[in-house]
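Colleague: Chains as they are written, first to last, in this note's numbering: chain G, 1 to 416; chain W, 1001 to 1416.
Don't be surprised by glycine CBs; every beta carbon is placed ideally from N, CA and C.
Here the structure is a predicted model, which means the values were calculated and not measured.
Number of protein chains: 2
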Amino acid sequence: MKLYTYSKKSDDTDKMNHNFLKSLIEPADTKIFMLIMDGLGGLPKESGGKTELETAATPHLDALAEQSALGLSSPAGAGIAVGSGPGHLALFGFDPFEYEIGRGALEALGVDFDLEPNDVAARGNFCTVDANGILTDRRAGRLPTEDSAKLCELLSTIQIEGVRFFVMPVKEHRFAFVIRGTDLGDYLSDTDPQKVGVAPDRVKALDEKSKETAKLVNEFIDKARLLLADKSTANMIMLRGFASLPRMPQFADIYGLKAAAIAVNGMYRGVSRLVGMEVLPVDGITIADEFTTLEKYWQDYDFFYLHIKKTDTYGESGDFDAKVKVIEEVDSFIPRVMALNPDVVIVGGDHSSPAVLKSHSWHPVPTLLYSKFVRADGVREFGERACGRGSLGVFSAQEIMPLALANAGRLAKYNA
Amino acid sequence: MKLYTYSKKSDDTDKMNHNFLKSLIEPADTKIFMLIMDGLGGLPKESGGKTELETAATPHLDALAEQSALGLSSPAGAGIAVGSGPGHLALFGFDPFEYEIGRGALEALGVDFDLEPNDVAARGNFCTVDANGILTDRRAGRLPTEDSAKLCELLSTIQIEGVRFFVMPVKEHRFAFVIRGTDLGDYLSDTDPQKVGVAPDRVKALDEKSKETAKLVNEFIDKARLLLADKSTANMIMLRGFASLPRMPQFADIYGLKAAAIAVNGMYRGVSRLVGMEVLPVDGITIADEFTTLEKYWQDYDFFYLHIKKTDTYGESGDFDAKVKVIEEVDSFIPRVMALNPDVVIVGGDHSSPAVLKSHSWHPVPTLLYSKFVRADGVREFGERACGRGSLGVFSAQEIMPLALANAGRLAKYNA
């Protein structure tokens, strides 16, 4: 309801917002359940048709919608398609521009790596150098992923005392690199000179804390070069975008919530851990396994975030019908959720991933907010157009947490 | 759609907004009427039912709605329930976080005291001390309000040259304290040590301007202790949250409006006076008396704010049907308002007070904006759900004044 300002703020507005919310928090014996279907929002196959969510037979979500306030949540403002990192930060109540997850950290999370707070991650490229170490191909001819996976295994054998290294294939010449240790710094320069005909740069520390880390990473690169020297596919690596996870305000501190995350992919476990959720062990990888986990731990937490990956997977692969089926499967678990008698239920997504676009998109995301104290729109339908007419309107995803807290009886009045 | 920035901003954003509006103001011979039903927004008794406003038979408001733009106004952002002070500041176009009304001033306004700009107010507690002045009960056993009212009368007899004191009972051990004089300062420390077993603190001046005031207040406390010495109910007082009213931009200056307030409660008279409205004398205390006052002064002002208290009173006491009846009574005066031929009419509230919650709530408030130049939604209904589908959407209450000014032909084009 205010024009979105995209850019990073110069002041500490967001931190102050959380201090403000924190000042209103009061204890309550209530439970909030946030169900996130990744890339939930969609588009019809042809103009005038139905989206994936509108096509899906979702009797339980439709019934819940009737007792809920509906709207379209925008993770980062008009026209902006986001990655899962910023999309989730917004859902969790954080300004995704204020708290940016660095590229290296995103790459590691993106390959399901359980990145820890002290890890330093980077994006890696396999490349080709000549006998003098001069770059001849920055992408090693975009070698096939299966070849690069073998090289990653080889690099994973590198050992240096006091630290551990993780090297994971991403796609073609790209890999994710992580160094784990104590007191590491992530303010490190890239080694990719962005052109051929020169040697890759050395990693330079850009602050005092990162000096020892720079030495260790350069040592790793030297050992990598020796290990790769005789390889025809790629004989050198470059690293860029060094980043640790950002320090984030914690759910327990700012919201007074003991929070748990149920997710089977590393990216989502990583982002939830970042904001102070406990990541629950899921016995299996199916959607059913995730809901069983919810039931198992229901008594132990105030807030649950449950993540469904496959809606996005099929959105990105362009499989409209498969995305519809996943939504229908999720719908079938809603009665089990409601049997737990949650005080607040949010059903939404971190961004849209319309199958027709085969990609994340900027479209705001259908969102349902249920509680006994919500002003229900009374529309028995959960879908993009129903949500577009809902009383929440097009709203910032960052408003979901304050609304959930209010509906859970966890926010005192301001200045009364 | 951006998350409302809750906390006090470090920059002067709000003042700049008002300087900007001021730069566009042009004179016009038009009149704006703002009708505020306190705590107007409600909730249905059961899911799917009607709210107080939806239940009320409001033929005149419904007819006006048909020619109006509708929406749900949010005083302070998603999830935040506000007191009447910040709720009204937002309606009057001010950022309620930028201009916070201090706790002492709120307490005095809350007991209908006509707080003046130079007054310094505080929250008071009756307490109990032993023979050595050591605190034994910080709340004097929460003595009954009727006992504390008698003690307030007694303290009101205290006289010190050059200033006046006002002591008014609030509830149980709580009272409101006001010192009136010239050149007083309000940057004063609390006397409540927040624990028993020690003596109450003395008031300390925290800036130069407050030094003389601290002396006067300490003198008052000494006299109070002597007066209370033989009382069995409470034999000492403590004061905290010293505050004058904040200095606010004035309606005449920033909006070019000669503005008047019609309100029978001190809180609302105080907040209107704060922003430069003239508070009109109301001959009586009924709703009819207020509308009669509007008619009497109609020729003399550009802007009228009329406040209805009882919608909130019954919301807070949980009396759904009585709140419905108040709304119906207000509706009966709409023809008299329209007979005055106002150019702009706003009907809204400062916050929601659903009877089912018996409290202020965070739900955005049904709002109607009528003028000849508004884009009417054409919905013949004034209620929460009708407003939820209205063209104003969920919008910041701070947008009401700029919209009213524009519709009243009082804003020039920007950069044209």
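1) Using a Cβ cut-off of 9 angstroms, pull out every chain G residue sitting near Leu1106 of chain W, in sequence order please.
2) Since Phe1126 of chain W is in the beta strand (DSSP E), which residue starts that stretch and which ends it?
3) Near Gln398 of chain G, what residues of its chain come up, given a Cβ to Cβ distance below 6 angstroms and the 5 sequence neighbours on each side ignored?
4) Count the other C-beta atoms from every protein chain shown that fall within 10 angstroms of the C-beta of Pro1027 of chain W, then say buried if there are 16 or more, exposed otherwise.
5) I'd like the span of the alpha helix (DSSP H) that includes Arg1225 of chain W, first residue to last.
6) Do Gly1241 of chain W and Arg1103 of chain W have their C-beta atoms closer together than 9 angstroms?
7) Curious, which full-length beta strand (DSSP E) runs of at least 3 residues does the region 345-411 of chain G contain?
8) Taking the C-alpha atoms as reference points, what is the distance between Glu100 of chain G and Gly83 of chain G?
9) For Gly181 of chain G, which of helix, strand or coil comes out of DSSP?
10) Using only CA atoms, which one of W:Phe1113, W:Leu1072 and W:Ala1105 lies nearest to Val1264 of chain W?
11) Check the C-beta distance from Ile1179 of chain W over to Thr1213 of chain W and give it rounded, since I have them as a contact under 8 angstroms.
12) Shortest alpha-carbon distance to Leu1306 of chain W belongs to which of W:Leu1245, W:Pro1281 and W:Val1163?
13) Establish whether the CB of Ile1080 of chain W and some CB of chain G are separated by less than 9 angstroms.
14) With distance defined between alpha-carbon atoms, name the residue in G:Thr58, G:Asp130 and G:Pro96 nearest to Phe333 of chain G.
15) At the 9 angstroms Cβ level, is Ser7 of chain G part of the contact set with chain W, yes or no?
16) In the DSSP output, which residue or residues are listed as bridge partners for Tyr305 of chain G?
17) Kindly indicate if chain W contains any beta-carbon less than 9 angstroms away from that of Ala28 of chain G.
18) Given that Val1394 of chain W touches chain G, what residues does it touch there, using C-beta distances under 8 angstroms?
19) In terms of residue numbering, what span does the beta strand (DSSP E) encompassing Arg1439 of chain W cover?
20) Mark Asn235 of chain G as exposed unless 16 or more other C-beta atoms lie within 10 angstroms of its C-beta, in which case mark it buried.
21) Strictly by DSSP, which residues pair up with Ala81 of chain G?
22) Rounded to whole angstroms, what is the Cα-Cα separation between Leu40 of chain G and Trp362 of chain G?
23) Measure the C-alpha to C-alpha separation of Gly1181 of chain W and Asn1218 of chain W and round it to an integer number of angstroms.
24) So, is Phe1175 of chain W buried or exposed, given that buried needs 16 or more other C-beta atoms within 10 angstroms?
25) Alpha helix (DSSP H) containing Ala241 of chain G: first to last residue?
26) Does the beta carbon of Ser1361 of chain W come closer than 9 angstroms to any beta carbon on chain G?
27) Below 8 angstroms on the Cβ atoms is my guess for Ala254 of chain G versus Leu21 of chain G; work out the distance and round it to an integer in Å.
28) His1018 of chain W by DSSP, collapsed to three states: which one?
29) Could you pull out every residue in the same chain whose Cβ sits closer than 8 angstroms to the Cβ of Pro354 of chain G, ignoring the five residues on either side in sequence?
30) Does the CB of Phe20 of chain G have a neighbour CB from chain W at under 9 angstroms?
31) Do Val1394 of chain W and Ser391 of chain G have their C-beta atoms closer together than 9 angstroms?
32) Taking all protein chains shown into account, do 16 or more other C-beta atoms lie within 10 angstroms of the C-beta of Thr136 of chain G, making it buried, or fewer, making it exposed?
33) What's the gap between the Cα of Leu257 of chain G and the Cα of Val271 of chain G?
34) Counting contacts by CB-CB distance shorter than 9 angstroms, is Pro1402 of chain W in contact with chain G?
35) Residues in its own chain within less than 6 angstroms of Met1238 of chain W by CB, not counting five upstream and five downstream?
36) Evaluate Ser7 of chain G with the Cβ neighbour count: other Cβ atoms within 10 Å of its Cβ, from every protein chain shown; 16 or more gives buried, anything less gives exposed.
Modeller: According to the data block:
1) The answer, in chain order, is Asn415 and Ala416.
2) In the DSSP assignment, Phe1126 of chain W falls within the beta strand (DSSP E) that extends over Val1120 to Val1129.
3) Sequence-distant Cβ neighbours of Gln398 of chain G in its own chain, meaning closer than 6 angstroms and more than five residues away, are Ala90 and Gly93.
4) Result: exposed.
5) From DSSP, the alpha helix (DSSP H) with Arg1225 of chain W extends over Lys1211 to Leu1228.
6) Yes; because the gap between Cβ atoms is below 9 angstroms, this pair is in contact.
7) If we require 3 residues or more, the beta strand (DSSP E) runs fully inside the region 345-411 of chain G come out as 365-371 and 393-396.
8) Roughly 11 angstroms between the two C-alpha positions.
9) In this structure, Gly181 of chain G counts as coil in the three-state DSSP scheme.
10) That would be W:Phe1113, whose Cα lies nearest to the Cα of Val1264 of chain W.
11) Under the criterion of beta carbons closer than 8 angstroms, Ile1179 of chain W and Thr1213 of chain W qualify as touching, at roughly 7 angstroms.
12) It is W:Pro1281.
13) So, interface residue.
14) Proximity to Phe333 of chain G across G:Thr58, G:Asp130 and G:Pro96 peaks at G:Thr58, based on C-alpha coordinates.
15) In this prediction, Ser7 of chain G has a pLDDT of 45, which is less than 50 and means its spatial position is unreliable; what the coordinates show is noted afterwards. No, no contact with chain W.
16) The beta-bridge partner set that DSSP reports for Tyr305 of chain G consists of G:Met34 and G:Ala261.
17) No, Ala28 of chain G does not count as interfacial toward chain W.
18) Contact annotation for Val1394 of chain W against chain G: Met1, Ser391, Leu392, Gly393 and Phe395 [CB-CB distance below 8 angstroms, chain order].
19) Because chain W spans 1001 through 1416 in this model, residue 1439 of chain W falls outside it and cannot be assessed.
20) Of the other Cβ atoms in all chains shown, 16 or more fall within 10 Å of the Cβ of Asn235 of chain G; this residue is therefore buried.
21) For Ala81 of chain G, which the question treats as bridged, DSSP gives no partner whatsoever.
22) Leu40 of chain G and Trp362 of chain G have their C-alpha atoms roughly 12 angstroms apart.
23) Looking at the two C-alpha atoms, the distance is approximately 15 angstroms.
24) Counting Cβ neighbours within 10 Å, Phe1175 of chain W comes out buried, since at least 16 surround it.
25) Looking at the sequence itself, residue 241 of chain G is Gly, so the reference to Ala does not match. First-last for Gly241 of chain G: Met236 to Ala243, but that is the beta strand (DSSP E), not the alpha helix (DSSP H).
26) By this cut-off, Ser1361 of chain W is an interface position.
27) It should be noted that the sequence gives Ile, not Ala, for residue 254 of chain G. That belief holds up - the Cβ atoms of Ile254 of chain G and Leu21 of chain G are roughly 6 angstroms apart, short of 8 angstroms.
28) Three-state result, His1018 of chain W: helix.
29) The residues are Gly41, Gly42, Leu43, Thr51, Glu52, Gly315, Ser361 and His363.
30) Closer than 9 angstroms to some Cβ of chain W, the Cβ of Phe20 of chain G qualifies, so yes.
31) Closer than 9 angstroms, so yes.
32) Counting Cβ neighbours within 10 Å, Thr136 of chain G comes out exposed, since fewer than 16 surround it.
33) A direct Cα-Cα distance of roughly 16 angstroms separates Leu257 of chain G from Val271 of chain G.
34) So no, Pro1402 of chain W is outside the interface.
35) Counting only Cβ-Cβ distances below 6 angstroms, and skipping sequence neighbours, we find Asn1125, Cys1127, Thr1191, Asp1192 and Pro1200.
36) Confidence at Ser7 of chain G is low in this model, with a pLDDT of 45, below 50, so the placement of that residue is unreliable and no value is reported for it.
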